[in-house]
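Please read the structure below before turning to the comments.
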DNA sequence: GTAGTGATTGTTGCG
DNA sequence: CGCAACAATCACTAC
């Protein structure tokens with residue numbers, strides 16, 4: 001129902017001045033996505049509760065999100081009073097940029113794994129989408145390169161990849 | 001009681 | 001090739 005938004009006690013520092021540049025390393029201008037972002041979020045929930053697509057695969061969490069998951073736990077321990085997701089997000093984002101590639105490596109590895117699963121789900125999703133009126137066939141095909149179930153081998157991240165990379169990118 | 005919002009970045013998918 | 005929209009979280013707030 002579209003509440004009054006910011007009215008929360010969360011304080012919300014007003015987001016300062018919209019995204020500061022965003023580093024032109026990628027596209028360059030993220031444009032006023034922030035404002036639009038709000039609208040997008042709603043759509044996401046709409047799909048979630050609306051359940052329009054029964055098997056719509058949720059996008060794999062990026063390395064940043066994986067890191068955030070852990071960061072949040074820690075952050076709460078140090079800041080049990082803080083009850084604002086934005087606080088963790090900011091803190092996490094700041095630290096994230098502070099981390100070197102080596103540190104992000106483990107997170108990226110996990111994110112990569114999630115992506116693999118996502119690809120698999122997508123296949124099923126596509127399959128269904130293709131056949132709309134048909135009943136669900138449940139993709140019996142299970143020949144996937146990944147999978148592995150128990151054994152959480154996490155895949156071979158065992159091999160240290162980061163060797164001298166700690167210096168990070170330029 | 002439900003759903004939306006706030007904030008972070010990354011990633012994926014489509015045109 | 002570039003943009004757009006979405007991924008989790010958690011407490012809160014309005015209708």
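Numbering (UniProt numbering), first residue to last: 1 to 170. The beta-carbon is built from N, C-alpha and C at its ideal position, and this holds for glycine as well.
Residue environment, residue i, which counts as buried when at least 16 other CB atoms sit within 10 Å
{"i": "residue 110", "result": "buried"}
{"i": "residue 88", "result": "buried"}
{"i": "residue 83", "result": "exposed"}
{"i": "residue 138", "result": "Low confidence applies here, because residue 138 scores a pLDDT of 49, under 50, leaving its location unreliable; read the following figure in that light. Answer is exposed; the Cβ neighbour count stays below 16."}
{"i": "residue 47", "result": "Per-residue confidence for residue 47 stands at a pLDDT of 49, beneath the threshold of 50, marking its modelled position as unreliable; the derived number appears in the next sentence. So residue 47 counts as exposed."}
Distance, residue j Cα to residue i Cα
{"i": "residue 80", "j": "residue 97", "result": "24 Å"}
{"i": "residue 65", "j": "residue 92", "result": "9 Å"}
{"i": "residue 94", "j": "residue 115", "result": "24 Å"}
{"i": "residue 101", "j": "residue 112", "result": "15 Å"}
{"i": "residue 76", "j": "residue 85", "result": "10 Å"}
{"i": "residue 72", "j": "residue 78", "result": "10 Å"}
{"i": "residue 90", "j": "residue 99", "result": "14 Å"}
{"i": "residue 125", "j": "residue 69", "result": "26 Å"}
Under 7 Å between C-beta atoms of residue i and residue j
{"i": "residue 171", "j": "residue 67", "result": "This structure cannot speak to residue 171, because the chain is shown only from 1 to 170."}
{"i": "residue 57", "j": "residue 122", "result": "yes"}
{"i": "residue 104", "j": "residue 63", "result": "yes"}
Where residue i falls: helix, strand or coil (DSSP)
{"i": "residue 82", "result": "coil"}
{"i": "residue 59", "result": "coil"}
{"i": "residue 122", "result": "helix"}
{"i": "residue 98", "result": "helix"}
{"i": "residue 48", "result": "Low per-residue confidence applies at residue 48: pLDDT is 47, beneath 50, and the placement is therefore not dependable enough to give any value."}
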